[in-house]
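**Q** In the order they appear, the protein sequences are chains A and B. The first sequence lines up with residues 1 to 339 when you count with this note's numbering. The second sequence lines up with residues 340 to 678 when you count with this note's numbering. Where a beta carbon is used, it is the ideal one built from N, C-alpha and C, also for glycine. I'd like to ask some things about the structure below.
Number of protein chains: 2
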Amino acid sequence: MLDERKRLVLRAIIDSYIETAEPVGSRTIARKHDLGVSPATIRNEMADLEETGYLQQPHVSAGRVPSDKGYRFYVDALIEPYVFPGVELRKLHEEMLNAQPSTERRIHEAARLLAFLTQSVSLIVAPSTDQLVFKHLQLVPLEDTGILVTIVLHPGIVKNRLIRTKRDYSPDQIFELSTALNQKLKGITYRELGPTIFTEVIRDYGEIGKALVELILQGLAEDKGEQIYASGTVNILNQPEFRDVDRAIALFEALEEKEHLLSLLGAAAKSSGVQVAIGTENVSAAMQACSLVTCTYYVGDDVVGTIGVIGPTRMDYARVMAAVDMVSHALSSLLTEEK
Amino acid sequence: MLDERKRLVLRAIIDSYIETAEPVGSRTIARKHDLGVSPATIRNEMADLEETGYLQQPHVSAGRVPSDKGYRFYVDALIEPYVFPGVELRKLHEEMLNAQPSTERRIHEAARLLAFLTQSVSLIVAPSTDQLVFKHLQLVPLEDTGILVTIVLHPGIVKNRLIRTKRDYSPDQIFELSTALNQKLKGITYRELGPTIFTEVIRDYGEIGKALVELILQGLAEDKGEQIYASGTVNILNQPEFRDVDRAIALFEALEEKEHLLSLLGAAAKSSGVQVAIGTENVSAAMQACSLVTCTYYVGDDVVGTIGVIGPTRMDYARVMAAVDMVSHALSSLLTEEK
DNA sequence: TTTAGCACTCACCATACGGGAGTGCTAACA
DNA sequence: TGTTAGCACTCCCGTATGGTGAGTGCTAAA
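Here you go:
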C-alpha cells in the first residue's frame with residue numbers, strides 16, 4: 001500500500017492535472033503544495049508511483065499524468081467530499097418542479113441541470129414503463145375508428161397511444177371495457193400483468209374485448225422499452241482532450257448509440273450509491289479516455305432509473321460525484337412526492 | 340447581366356468549390372470543364388466576376404471563392420434540379436409512418452431523415468398547437484384530486500396535462516363538463532376559442548365549471564408555444580469550415596437559442612416553396628458563414644410548420660433544396676392523411 | 001533518507017527556405 | 001477586338017533547423 005507521503009504526492013498530482021490538463025512536474029508540486037521536501041525527493045516518489053502503475057509519463061522529459069489505476073485510487077481513497085457553494089437540494093428540487101409541467105419534462109430538466117452543474121455530458125435513463133405502477137387507464141372512442149388509449153403511471157407519467165380498429169365498437173362498449181381494464185390494472189406494474197388478468201377480461205367481454213386488449217397490449221409493448229437521453233453534449237468540445245475534432249466525433253457517435261449507453265448505465269443500476277467507472281473500465285472503445293459517474297434514482301423505495309455524467313478521465317471527480325448525488329436525490333424526492 | 344460564358348465560368352467555379360472546399364484556379368476550370376478557351380481567358384473572366392462581386396480572392400495568389408452574391412445568383416439562375424437516386428417520396432413517407440407510433444415522433448423522424456439525406460443539421464418547427472383543430476377533449480378524474488386533461492388535435496397530436504384541484508369534484512361532474520367542453524371545442528382551433536365559448540360553459544356549469552375551465556386554459560397556454568427541434572447537429576463537425584472547434588462551438592450555441600431559430604425560420608413561413616437564405620442574408624452573427632434552406636409543410640391546405648437545413652454557405656444547394664422539398668412534401672401528405 | 005548538482009532528453013516555437021499554385025500584365029496573334 | 005502564350009510576381013505551405021525551457025534520472029555529499 002502507499003505510504004502517507006506517496007498519497008499526498010499522488011493527490012497533489014491528480015488535483016493539479018485535473019485543474020490544468022498539463023503533465024505535472026516535481027517542481028510544481030513542491031511549489032504549490034507545501035510538503036516540506038525538495039523537488040528531488042518528490043521525483044523519487046514519482047518514479048516509485050510510476051513503477052507501481054499510478055502514474056504515467058507521456059515522454060521522458062515531461063511531467064507525470066495519472067493512469068486509470070491512479071484515478072481509481074484517488075476516487076476510492078484520496079478524494080475529499082465536495083460541497084457545491086450556493087446550490088442546495090431544495091433549490092434543485094424546486095427548479096425541476098417549476099420549470100416544467102410534466103414529469104417527463106422534469107426528468108429532462110434534471111438532465112439539463114446535471115449537465116449545467118458539471119459542464120459535462122449528462123445521461124438519464126427514464127423510468128422504464130414496465131416497472132411503474134398503473135394509476136389509471138382510459139380508453140376514449142374518437143369520432144372515426146380510432147381509440148385513444150391513455151395510461152397514467154405512478155410518478156405522473158402519461159402515455160398515449162392512438163390505435164385504429166377495423167371493427168366498429170360503440171362508445172358504450174369502449175367505456176365499459178375501459179372501466180373494467182382500469183379496475184384490473186390499477187395498482188400493479190406492467191411487468192406483473194400476466195395473461196391471467198386479461199383472460200378474465202376476455203372471458204367477460206368476449207371477442208370484442210379480446211381484439212381490443214390485443215391492440216392495447218401491442219401498443220404498450222412498443223414503447224415500454226427504456227429510454228435514454230443525453231444533455232449538454234456540446235460541453236465535450238470545451239474539454240481540451242476533445243479539441244481534436246475527430247476524437248470528438250467518435251465520442252458524439254458513441255453517444256448516439258442508445259442501446260450501448262443503456263448497457264453501460266445498466267451495469268451501475270445493480271449497486272447503490274454513486275458509482276464511478278474509469279477509462280478502460282468501460283469496455284466501449286470510444287470511451288476509453290472517459291469516465292462515467294452514475295447513480296440510481298427512486299420512486300419510493302424502488303429503483304426506477306439511472307442518471308450519469310460522462311467526461312474525460314481527467315474530470316473533477318469530487319464535483320461530479322457531488323452533482324450526481326444531489327441531482328439523483330432531488331429527482332427521487334420529486335418523483336416520490338408526485339402522487 | 341452576366342453573359343453566357345461568365346455564367347458557365349461562375350457555375351464551374353461554384354460547383355468545384357462546393358465539392359472540394361478549396362479555392363478554384365483558372366487551370367482547374369479549363370481542365371475539368373471543357374469550355375474551349377485557355378486559362379488566360381478564364382482568368383480575365385474571373386477578374387471581371389470578382390470586380391462585379393460574384394467572386395472573392397482569399398489572397399492574391401490563391402484561386403477564387405464564391406461570394407454570397409455569387410451563391411445567390413447560382414441558386415437563382417444557375418442551379419440544375421437534383422434528383423436523389425433511389426429515394427422516392429413514397430419511400431420517405433412510409434419510413435416516417437412505420438418508424439414511429441405517434442405523430443410527434445414521426446415529425447422527429449422527418450427531421451432525422453432530412454439530416455441524413457443532407458448530412459447537415461436539420462431543423463423542424465412543430466405545428467403550433469394554437470392553429471390546429473381540436474378533435475377531442477377528455478377530462479379524466481383520477482383517484483386523488485388530480486384531473487387528467489387529454490387533447491387530441493387534428494393531425495393525430497395528443498397533449499396531456501395533469502392538473503390538481505383544491506376542491507373535490509365528483510367524477511360525474513367532471514365527465515359532464517368533459518362532454519360539454521368537447522362539444523364546444525370540436526372542430527375549431529385554439530386560436531379561435533374566444534372567451535364567449537367559455538362563458539357559455541360557465542353559465543351552464545357555474546362556479547365549478549369556471550374554476551376547471553380556468554385551470555384547463557392555463558394548462559393549455561403553457562405548451563401552446565411553437566417548438567423547434569434540431570437533428571444531426573454532429574454533422575457540423577464533418578464540414579471542413581468547422582474543423583475549427585471554436586467556430587463549431589459558436590454555431591452549436593446558436594442552435595441552442597430556440598427563440599432565435601424560430602424567428603429565422605418564421606421569416607420563411609410567409610413565402611411558399613423552398614426558400615434559401617445565404618450567409619449574411621441571415622442576421623445572426625454565428626450564422627454569417629451559413630446558409631439556411633427552408634420550406635413550409637401543411638395539414639390539408641394550412642401551413643402548420645417549417646422544416647429547414649442549416650449548413651455552410653458552401654453547401655450543395657441543389658441536393659439540399661431537393662431534400663427539403665421532398666421531406667416537406669412527404670411530411671405534408673403524412674399529416675394530411677392522418678385522420 | 002534527503003538533497004544539491006548536473007548532464008541529458010525532448011516537445012515546442014520561431015525562423016528560414018524552397019516549391020508550387022495561382023495571379024496580373026504585356027505583347028503578339030487571329 | 002477578343003484570345004492566348006509567356007513571364008514575373010505573390011504568397012501559402014510544408015519541411016528543415018536551431019535554440020529554449022521544462023523536466024527527468026543519476027550521483028555523491030550531507
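When burial is assigned at 16 or more other CB atoms within 10 Å of the CB, is THR538 (chain B) buried or exposed?
**A** Locating residue 538 (chain B) in the second sequence gives position 199, counting from the first residue. Answer is exposed; the Cβ neighbour count stays below 16.
**Q** Assign ASN235 (chain A) to buried or exposed, taking buried as 16 or more other Cβ atoms, counted over all protein chains shown, within 10 Å of its Cβ.
**A** Residue numbering aside, residue 235 (chain A) sits at position 235 when the first sequence is read from its first letter. Classification for ASN235 (chain A): buried.
**Q** Taking only three categories from DSSP, how would you classify TYR298 (chain A)?
**A** Your numbering for residue 298 (chain A) matches position 298 in the first sequence. If DSSP states are grouped into helix, strand and coil, TYR298 (chain A) belongs with the strands.
**Q** Which first and last residues belong to the alpha helix (DSSP H) in which GLY409 (chain B) is found?
**A** The residue given as residue 409 (chain B) occupies position 70 in the second sequence. Taken as a continuous stretch (DSSP letters only), the alpha helix (DSSP H) holding GLY409 (chain B) covers 407-412.
**Q** Give the residues of chain A in contact with GLY495 (chain B), contact being defined as C-beta atoms less than 7 Å apart.
**A** Position 156 of the second sequence, counting from 1, holds the residue named residue 495 (chain B). Those are LEU162, listed as they occur along chain A.
**Q** Please report the residue range of the alpha helix (DSSP H) in which ASN235 (chain A) lies.
**A** Taking the first sequence and counting its residues from 1, one reaches residue 235 (chain A) at position 235. No alpha helix (DSSP H) holds ASN235 (chain A); DSSP gives it neither H nor E.
**Q** Short check: CB of GLY63 (chain A) to CB of VAL24 (chain A), under 7 Å?
**A** As a working mapping, residue 63 (chain A) is identified with position 63 in the first sequence. As a working mapping, residue 24 (chain A) is identified with position 24 in the first sequence. The answer is yes: Cβ separation under 7 Å.
**Q** Below 8 Å, can you find three or more Cβ-Cβ pairs linking the region 418-434 of chain B to the region 646-659 of chain B?
**A** yes
**Q** In whole angstroms, what separates the C-alpha of LYS159 (chain A) from that of ILE278 (chain A)?
**A** Position 159 of the first sequence, counted from the first residue, corresponds to residue 159 (chain A). Position 278 of the first sequence, counted from the first residue, corresponds to residue 278 (chain A). One C-alpha to the other measures close to 36 Å.
**Q** Between VAL234 (chain A) and chain B, is there a C-beta pair that is closer than 7 Å?
**A** As a working mapping, residue 234 (chain A) is identified with position 234 in the first sequence. True, the Cβ-Cβ gap to chain B drops below 7 Å.
**Q** Using a C-beta cutoff of 7 Å, does LEU576 (chain B) count as contacting chain A?
**A** Looking up residue 576 (chain B) in the second sequence gives position 237. At least one CB atom of chain A sits nearer than 7 Å to the CB of LEU576 (chain B).
**Q** Only counting the same chain, and skipping five residues up and downstream in sequence, which positions put a Cβ closer than 8 Å to that of ALA438 (chain B)?
**A** For the purposes of this step, residue 438 (chain B) is taken as the residue at position 99 of the second sequence. Excluding residues within five positions, the ones whose Cβ falls inside 8 Å are ARG444, ARG445 and GLU448.
**Q** So LEU10 (chain A) packs on TYR54 (chain A), CB below 8 Å; how close in whole Å?
**A** Within the first sequence, numbered from 1, the residue matching residue 10 (chain A) stands at position 10. Within the first sequence, numbered from 1, the residue matching residue 54 (chain A) stands at position 54. So it is a contact: roughly 6 Å between Cβ atoms.
**Q** In terms of residues, what are the limits of the beta strand (DSSP E) holding GLY485 (chain B)?
**A** As a working mapping, residue 485 (chain B) is identified with position 146 in the second sequence. Run containing GLY485 (chain B): 485-492, per the beta strand (DSSP E) assignment.
**Q** Could you pull out every residue in the same chain whose Cβ sits closer than 8 Å to the Cβ of PHE84 (chain A), ignoring the five residues on either side in sequence?
**A** As a position in the first sequence, residue 84 (chain A) is number 84, starting the count at 1. Answer for PHE84 (chain A): LEU117, ARG319, ALA322, ALA323 and MET326, listed in chain order.
**Q** So what's PRO240 (chain A) in DSSP terms, helix, strand or just coil?
**A** As a working note, residue 240 (chain A) is residue 240 in the first sequence. Helix.
**Q** In three-state DSSP terms, what is PRO312 (chain A)?
**A** Your numbering for residue 312 (chain A) matches position 312 in the first sequence. Strand, per DSSP.
**Q** Distance cutoff 7 Å, beta carbons only. Does LEU142 (chain A) sit that close to anything in chain B?
**A** Locating residue 142 (chain A) in the first sequence gives position 142, where the first residue counts as 1. At least one chain B Cβ lies under 7 Å of LEU142 (chain A).
**Q** Using CA coordinates, which residue listed in B:ILE649, B:GLU358, B:ASP641 and B:ASN577 is at the minimum distance from SER467 (chain B)?
**A** Walking along the second sequence from the start, residue 467 (chain B) turns up at place 128. Out of B:ILE649, B:GLU358, B:ASP641 and B:ASN577, B:ASP641 has the C-alpha closest to the C-alpha of SER467 (chain B).
**Q** Whole-angstrom Cβ separation of GLY647 (chain B) and LEU604 (chain B), contact assumed at under 8 Å?
**A** Taking the second sequence and counting its residues from 1, one reaches residue 647 (chain B) at position 308. Taking the second sequence and counting its residues from 1, one reaches residue 604 (chain B) at position 265. Between LEU604 (chain B) and GLY647 (chain B) the Cβ distance is about 6 Å, and since that is below 8 Å, they are a contact.
**Q** So which of B:LEU576, B:ILE555 and B:GLU598 has the shortest CA-CA distance to GLY564 (chain B)?
**A** Taking the second sequence and counting its residues from 1, the one referred to as residue 564 (chain B) is at position 225. Checked all of B:LEU576, B:ILE555 and B:GLU598; the closest Cα to GLY564 (chain B) is B:GLU598.
**Q** Among A:ARG7, A:SER328 and A:VAL75, which one has its Cα closest to the Cα of ALA115 (chain A)?
**A** Residue mapping note: residue 115 (chain A) aligns to position 115 of the first sequence, counting from 1. Residue A:SER328 is the option with its Cα nearest to ALA115 (chain A).
**Q** Return the residues of the region 171-193 of chain A that lie within a Cβ-Cβ distance of less than 9 Å from chain B, sorted by chain order.
**A** LYS186
**Q** By alpha-carbon positions, which one of B:VAL615, B:THR619 and B:MET626 ends up nearest to THR635 (chain B)?
**A** Within the second sequence, residue 635 (chain B) is the residue found at index 296, counting from 1. That would be B:VAL615, whose Cα lies nearest to the Cα of THR635 (chain B).
**Q** Over what stretch of residues does the beta strand (DSSP E) that includes ALA616 (chain B) continue unbroken?
**A** Numbered from its first residue, the second sequence carries residue 616 (chain B) at position 277. It spans 614-617 - the beta strand (DSSP E) in which ALA616 (chain B) sits, taken as one unbroken run.
**Q** Identify whether GLY229 (chain A) lies in helix, strand or coil by the three-state DSSP scheme.
**A** Taking the first sequence and counting its residues from 1, one reaches residue 229 (chain A) at position 229. According to the sequence as given, residue 229 (chain A) is Tyr; it is not Gly. Reduced to three states, the DSSP call for TYR229 (chain A) is strand.
**Q** Below 6 Å, is the gap between the Cβ of HIS59 (chain A) and the nearest heavy atom of the ligand SAH?
**A** As for the ligand SAH, it is missing from this structure, which has no ligand bound.
**Q** Can you tell me where the alpha helix (DSSP H) with LYS371 (chain B) in it begins and where it stops?
**A** Residue mapping note: residue 371 (chain B) aligns to position 32 of the second sequence, counting from 1. Taken as a continuous stretch (DSSP letters only), the alpha helix (DSSP H) holding LYS371 (chain B) covers 365-371.
**Q** What in chain A is Cβ-close to ILE353 (chain B), meaning under 8 Å?
**A** For the purposes of this step, residue 353 (chain B) is taken as the residue at position 14 of the second sequence. None at all; the shortest Cβ gap to chain A is about 26 Å.
**Q** Of all the CB atoms in chain B, is at least one closer than 7 Å to the CB of THR150 (chain A)?
**A** Position 150 of the first sequence, counted from the start, is the residue given in the question as residue 150 (chain A). So, interface residue.
**Q** Which residues in the same chain as GLY146 (chain A) place their Cβ atom closer than 6 Å to its Cβ, once the five residues preceding and following it in sequence are excluded?
**A** Here the question's residue 146 (chain A) lines up with position 146 in the first sequence. Excluding sequence neighbours, GLY146 (chain A) sits near LEU162 and ARG164.
**Q** What is the residue span of the alpha helix (DSSP H) that HIS475 (chain B) lies within?
**A** To locate residue 475 (chain B), count along the second sequence from 1; it is residue 136. Run containing HIS475 (chain B): none in the alpha helix (DSSP H); it sits in the beta strand (DSSP E), 473-480.
**Q** Where does HIS465 (chain B) sit, in a helix, a strand or coil, going by DSSP?
**A** Along the second sequence, read from residue 1 onward, the residue named residue 465 (chain B) stands at position 126. What sits at residue 465 (chain B) in the sequence shown is Ala, not His. In this structure, ALA465 (chain B) counts as strand in the three-state DSSP scheme.
**Q** Can you tell me whether MET287 (chain A) is buried or exposed? The criterion is at least 16 other CB atoms within 10 Å of its CB, across all chains shown.
**A** As a first step, residue 287 (chain A) is located in the first sequence; it is residue number 287 there, counting from the start. Under this definition MET287 (chain A) is a buried residue.
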